[in-house]
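Residue numbers (our numbering): 192 to 584. For every residue, glycine included, the Cβ atom is placed at its ideal position computed from N, Cα and C. Quick caveat: nothing in here was measured; it's all calculated off a predicted structure.
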């Protein structure tokens, strides 16, 4: 028998408290101390699968209120899973909103995508227990727990195998926290099975590496400098690009799937006089900038000038200072928002392979929807300069 970890004692106490609350609740109380497992199926490296997870409000008269939906701490470290969107009865909600209401008889819909990035089986730790150990903690009734433990043992086989295995099991945990009609939470374990890609790939294509060998593309490699003139007195800051930027070329028309735009990291430090965070209660924040999912920019290329409309950047704000190695799709952030309808223009035409692009825009007054961050991000001018080489293939 394994010794109980200290943090598990806290989770166990909470679980018993929630179970007790559910027993004295309004008849549908079990929902507020529940656990479920959702399988997202077998997926090749380089592919993705999306599933809709439904949490029904079975009450005929009680409104449910959720104050948090997110991945449990450290439950998605490699970023194999992501929450694409949240809806209530088909109406879009902000998953980071602390005020999500589910009317009586309606339902909460969580759309989750599984996109395996490697063939390393997860040894996740939920509530202090590690899947792969003999007796994982699974909240639920005795019969349900016995079945779940058996399944977890099966899934954990080979959990400590090498990265060149032929398949891997990935897991994560989403938690939905309720505060009305009673306090409680729903734990949703996500399970996916990863297999090699169609060409034997054992790892997802990251930002690094050379331009792809495909024909009919334009490939940019070079610098990415960002300037926030209103809050940065040191001028443009050159950021390290996570990889090449690829444009699809057809005749004179170009397009870009923004989801392929690599990530960059901008760190703002200092809250003293004249510093970026002057007068703010935090001394450092990290901005992770990359392309959002589901957005395609289009434009033209005449042989020397490339101009595009519909550009967009996803910006995640993390408190404190992080490094490039911390960036992954499942990165926990304080604020996560997208800046859309940007225009990329050629400021120095293509000459001997060299080109310069510029994006110059001003954020809205409330770009993030978070009052704390909008104090210094709202209305800020953002200038991006990309100075590098453009290869036509």
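Exercise for the section: Sort out for me which residues DSSP pairs residue 499 with in a bridge. Expected result: On the chain shown, residue 499 is found 308 positions in, with the first residue counted as 1. Residue pairing of residue 499 in beta bridges, as defined by DSSP: 490, 535.
Exercise for the section: Helix, strand or coil for residue 308, going by three-state DSSP, please let me know. Expected result: Translated into the one-based positions of the chain shown, residue 308 becomes position 117. If DSSP states are grouped into helix, strand and coil, residue 308 belongs with coil.
Problem - Cβ-based burial, residue 254 [other Cβ within 10 Å; buried from 16] - result: Along the chain shown, one-based indexing puts residue 254 at 63. Counting C-beta atoms within 10 angstroms of its own C-beta, residue 254 has fewer than 16 neighbours from the protein chains shown and is therefore classed as exposed.
Exercise for the section: Excluding the 5 residues preceding and the 5 following residue 445 in the sequence, name in chain order all residues of the same chain whose CB lies nearer than 8 angstroms to its CB. Expected result: Counting from 1 along the chain shown, the entry for residue 445 is found at position 254. The answer, listed in chain order, is 409, 438, 439, 489, 490, 491, 492, 497, 499.
Practice task
Consult DSSP for residue 355 and reduce its assignment to one of helix, strand or coil.
Solution key: As a first step, residue 355 is located in the chain shown; it is residue number 164 there, counting from the start. Residue confidence is low: residue 355 scores 45 on pLDDT, short of 50, so the model does not pin down where it sits. Its coordinate-derived value is still stated next. Three-state result, residue 355: coil.
Problem - Outcome for residue 582 when other beta-carbon atoms lying within 10 angstroms are tallied against a minimum of 16 - result: Within the chain shown, residue 582 is the residue found at index 391, counting from 1. Residue 582 sits exposed, since fewer than 16 C-beta atoms from the chains shown fall within 10 Å of its C-beta.
Problem - Distance between residue 529 and residue 239 (C-alpha atoms, nearest Å) - result: Within the chain shown, the letter at position 48 stands for residue 239. Within the chain shown, the letter at position 338 stands for residue 529. Taking C-alpha positions only, residue 239 is separated from residue 529 by approximately 22 angstroms.
Practice task
With distances taken Cα to Cα, identify the nearest neighbour of residue 548 among 436, 519, 463.
Solution key: Residue 548 sits at position 357 when you count from the first residue of the chain shown. Closest option to residue 548, Cα to Cα, is 436.
Practice task
State the Cα-Cα distance for the pair residue 422 and residue 466, rounded to the nearest angstrom.
Solution key: Sequence index remark: in the chain shown, residue 422 carries index 231 (1-based). Sequence index remark: in the chain shown, residue 466 carries index 275 (1-based). Their backbone Cα atoms lie some 8 angstroms apart in a straight line.
Exercise for the section: Kindly list the residues whose CB is nearer than 6 angstroms to the CB of residue 270, restricted to its own chain and excluding five residues on each side of it in sequence; keep chain order. Expected result: The residue labelled residue 270 in the question sits at position 79 within the chain shown. Excluding residues up to 5 positions away in sequence, 519, 520, 521 lie with their Cβ nearer than 6 angstroms to the Cβ of residue 270 in the same chain.
Practice task
Name the residue from 479, 365, 389 whose alpha carbon lies nearest to the alpha carbon of residue 382.
Solution key: Reading the chain shown from its first residue, position 191 is the one you call residue 382. In terms of CA proximity to residue 382, 365 leads the group 479, 365, 389.
Practice task
Inspect the CB distances between the region 560–574 and the region 536–548 and report whether three or more fall short of 8 angstroms.
Solution key: Between the region 560–574 and the region 536–548, the count of Cβ pairs shorter than 8 angstroms is below three; the stretches do not touch.
Exercise for the section: Could you check the C-alpha separation between residue 483 and residue 448 for me, to the nearest Å? Expected result: For the purposes of this step, residue 483 is taken as residue 292 along the chain shown, with counting starting at 1. For the purposes of this step, residue 448 is taken as residue 257 along the chain shown, with counting starting at 1. Going by the C-alpha atoms only, they are around 9 angstroms apart.
Exercise for the section: Take every Cβ of the region 357–376, pair it with every Cβ of the region 247–263, and state whether three or more of those distances are shorter than 8 angstroms. Expected result: Between the region 357–376 and the region 247–263, the count of Cβ pairs shorter than 8 angstroms is three or higher; the stretches touch.
Problem - Endpoints, alpha helix (DSSP H) assigned at residue 252 - result: By one-based count along the chain shown, residue 252 stands at place 61. For residue 252, there is no enclosing alpha helix (DSSP H), since its DSSP letter is neither H nor E.
Problem - Where the alpha helix (DSSP H) containing residue 235 begins and where it ends - result: As a first step, residue 235 must be located in the chain shown, where it is residue number 44. Where residue 235 is concerned, there is no enclosing alpha helix (DSSP H), although the beta strand (DSSP E) it sits in stretches over 224–235.
Exercise for the section: Determine the direct distance from the alpha carbon of residue 481 to that of residue 420, and round the result to whole angstroms. Expected result: As a first step, residue 420 is located in the chain shown; it is residue number 229 there, counting from the start. As a first step, residue 481 is located in the chain shown; it is residue number 290 there, counting from the start. Going by the C-alpha atoms only, they are around 20 angstroms apart.
Handout entry: Spatial distance of residue 257 from residue 299 (CA atoms)
Key = Counting from one through the chain shown, the residue named residue 257 turns up at place 66. Counting from one through the chain shown, the residue named residue 299 turns up at place 108. The alpha-carbon atoms of residue 257 and residue 299 are separated by roughly 10 angstroms.
Practice task
Keeping to the same chain, check which residues put their C-beta closer than 6 angstroms to that of residue 216; ignore five residues upstream and five downstream.
Solution key: Indexing the chain shown from 1 puts residue 216 at position 25. In this prediction, residue 216 scores a pLDDT of 37, lower than 50, which makes its location untrustworthy; the coordinate-derived value is nonetheless stated afterwards. Counting only Cβ-Cβ distances below 6 angstroms, and skipping sequence neighbours, we find 373.
Practice task
Kindly list the residues whose CB is nearer than 8 angstroms to the CB of residue 283, restricted to its own chain and excluding five residues on each side of it in sequence; keep chain order.
Solution key: Taking the chain shown and counting its residues from 1, the one referred to as residue 283 is at position 92. These residues qualify, in order along the chain: 276, 277.
Exercise for the section: Report the three-state DSSP secondary structure of residue 516 (helix, strand or coil). Expected result: Stepping through the chain shown from its first residue, residue 516 is reached at position 325. Helix.
Exercise for the section: May I ask you to report which of helix, strand or coil DSSP gives residue 581? Expected result: Stepping through the chain shown from its first residue, residue 581 is reached at position 390. Residue state for residue 581 is assigned as strand, using DSSP reduced to three classes.
Exercise for the section: Go through its chain and collect everything with a Cβ distance to residue 526's Cβ below 6 angstroms, but skip five positions before and after it. Expected result: The residue labelled residue 526 in the question sits at position 335 within the chain shown. Listed in chain order, the non-local C-beta contacts of residue 526 below 6 angstroms within the same chain comprise 508, 559, 561, 564, local neighbours out to five positions each way being set aside.
Practice task
Drop a sphere of 10 angstroms on the beta-carbon of residue 572, count the other beta-carbons inside from all chains shown, and report buried for 16 or more, exposed for fewer.
Solution key: The residue given as residue 572 occupies position 381 in the chain shown. With fewer than 16 Cβ atoms within 10 Å of its Cβ, residue 572 is classed as exposed.
Exercise for the section: May I have the straight-line CA-CA distance separating residue 511 from residue 474, to the nearest angstrom? Expected result: What you label residue 511 is simply residue 320 of the chain shown in a count that begins at 1. What you label residue 474 is simply residue 283 of the chain shown in a count that begins at 1. If you draw a straight line from the Cα of residue 511 to the Cα of residue 474, it comes to about 7 angstroms.
Problem - Member of 567, 575, 454, 577 whose CA lies at the smallest distance from the CA of residue 516 - result: In the chain shown, counting from the first residue as 1, residue 516 sits at position 325. Of the residues 567, 575, 454, 577, the one whose Cα lies closest to the Cα of residue 516 is 454.
Practice task
Count the other CB atoms, across all protein chains shown, that sit within 10 Å of the CB of residue 442; report buried if there are 16 or more and exposed otherwise.
Solution key: Within the chain shown, the letter at position 251 stands for residue 442. Label assigned to residue 442: exposed.
Practice task
Could you check what DSSP says for residue 451 in three-state terms: helix, strand or coil?
Solution key: Numbered from its first residue, the chain shown carries residue 451 at position 260. Reduced to three states, the DSSP call for residue 451 is helix.
Problem - Cβ-based burial, residue 224 [other Cβ within 10 Å; buried from 16] - result: Reading the chain shown from its first residue, position 33 is the one you call residue 224. Residue 224 counts as buried, since at least 16 other C-beta atoms from the protein chains shown sit within 10 angstroms of its C-beta.
Exercise for the section: Assign residue 380 to one of two classes, buried (16 or more other C-beta atoms within 10 Å of its C-beta) or exposed (fewer than that). Expected result: Along the chain shown, read from residue 1 onward, the residue named residue 380 stands at position 189. Buried, since its Cβ has 16 or more Cβ neighbours within 10 Å.
Handout entry: Chain-order list of residues whose beta-carbon lies under 7 angstroms from that of residue 622 (same chain, five-residue window excluded)
Key = Residue 622 lies beyond the stretch modelled for the chain, which goes from 192 to 584, so this question has no answer here.
Exercise for the section: Determine the DSSP secondary structure at residue 323, reduced to helix, strand or coil. Expected result: Numbered from 1 along the chain shown, position 132 holds the residue referred to as residue 323. Confidence at residue 323 is low in this model, with a pLDDT of 44, below 50, so its placement is unreliable and the value that follows should be read with caution. When DSSP states are grouped into helix, strand and coil, residue 323 belongs to the coil group.
Handout entry: Proximity winner among 427, 531, 451, relative to residue 574 (alpha-carbon distances)
Key = Translated into the one-based positions of the chain shown, residue 574 becomes position 383. The option with the nearest alpha carbon to residue 574 is 427.
Exercise for the section: Using three-state DSSP, classify residue 565 as helix, strand or coil. Expected result: Taking the chain shown and counting its residues from 1, the one referred to as residue 565 is at position 374. Helix, per DSSP.
Handout entry: Outcome for residue 335 when other beta-carbon atoms lying within 10 angstroms are tallied against a minimum of 16
Key = Counting from 1 along the chain shown, the entry for residue 335 is found at position 144. Confidence at residue 335 is low in this model, with a pLDDT of 48, below 50, so the placement of that residue should be treated as unreliable; the coordinate-derived value is given next. Result: exposed.
Problem - Inter-residue Cα distance where the pair is residue 485 and residue 306 - result: Taking the first residue of the chain shown as position 1, residue 485 is located at position 294. Taking the first residue of the chain shown as position 1, residue 306 is located at position 115. Taking the straight line from one Cα to the other gives about 15 angstroms.
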